[in-house]
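In UniProt numbering, the protein residues as written are 1 to 169.
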């Protein structure tokens with residue numbers, strides 16, 4: 001969802017904050033509400049699912065919103081997995097997307113990716129692709145990268161704003 005205002009009663013006080021709401025299905029198939037509160041900034045100085053970000057990785061996340069590679073994370077259930085990591089520009093929450101759940105096609109918008117482009121995209125790197133065809137039939141160029149928050153491939157255009165710029169609007 002987009003950000004909504006929620007009220008959190010604590011004792012005699014009610015705290016109002018903004019959050020994104022999402023439905024989540026647990027391992028038993030039960031659907032529940034997940035609340036993703038707005039954070040002042042991403043919590044990059046603390047381990048995320050057992051992974052500690054390097055200074056370079058923190059800068060990459062803050063600059064582009066995407067880590068640019070896959071990492072191994074370990075959630076509370078202890079089952080480690082390879083993941084793409086991004087920052088939600090609305091909430092500043094760190095988002096992990098299981099790499100094995102992302103389908104990366106060999107052809108995108110009419111362009112067959114080279115083996116090197118495909119490998120880089122699978123690894124989470126940003127890949128420049130030229131000569132793609134929009135639905136309108138117009139040819140365009142863009143940089144492609146897996147974005148965990150969007151749960152798939154993101155098209156980054158030359159005028160695309162950085163994570164910080166996206167947060168200001």
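Glycine is no exception: its CB is placed at the ideal position from the N, C-alpha and C atoms.
Bear in mind the structure is a predicted one, so any value in this text is a computation, not a measurement.
DSSP three-state assignment for residue i, whether helix, strand or coil
i, result
"residue 101", "helix"
"residue 89", "coil"
"residue 169", "With a pLDDT of 45 at residue 169, under the threshold of 50, the modelled position of this residue cannot be trusted, and the question is left open."
"residue 154", "strand"
"residue 128", "strand"
"residue 145", "strand"
"residue 135", "coil"
"residue 34", "strand"
"residue 59", "helix"
"residue 121", "helix"
"residue 25", "strand"
Beta carbon proximity, residue i to chain D, threshold 8 Å
i, result
"residue 26", "In the structure shown, chain D cannot be found, because there is only a single protein chain."
Inter-residue spacing [alpha-carbon to alpha-carbon] between residue i and residue j
i, j, result
"residue 52", "residue 15", "31 Å"
"residue 56", "residue 113", "28 Å"
"residue 129", "residue 22", "33 Å"
"residue 158", "residue 49", "33 Å"
"residue 90", "residue 144", "21 Å"
"residue 9", "residue 36", "17 Å"
"residue 115", "residue 139", "22 Å"
"residue 17", "residue 54", "30 Å"
"residue 30", "residue 59", "37 Å"
"residue 38", "residue 105", "33 Å"
"residue 47", "residue 13", "32 Å"
Per-residue burial, residue i [other beta carbons within 10 Å of its own, 16 or more giving buried]
i, result
"residue 196", "For residue 196 there is no data in the structure shown, the boundaries of the chain being 1 and 169."
"residue 148", "buried"
"residue 96", "buried"
"residue 142", "buried"
"residue 45", "exposed"
Cβ pair residue i, residue j closer than 8 Å
i, j, result
"residue 94", "residue 65", "no"
"residue 69", "residue 125", "yes"
"residue 156", "residue 146", "no"
"residue 3", "residue 20", "yes"
**Asked** Are the region 100 to 108 and the region 64 to 80 touching by the rule of at least three beta carbon pairs closer than 8 Å?
**Response** no
**Request:** Please confirm if the region 79 to 86 is in contact with the region 130 to 140, defined as three or more CB-CB distances below 8 Å between the two stretches.
**Result:** no
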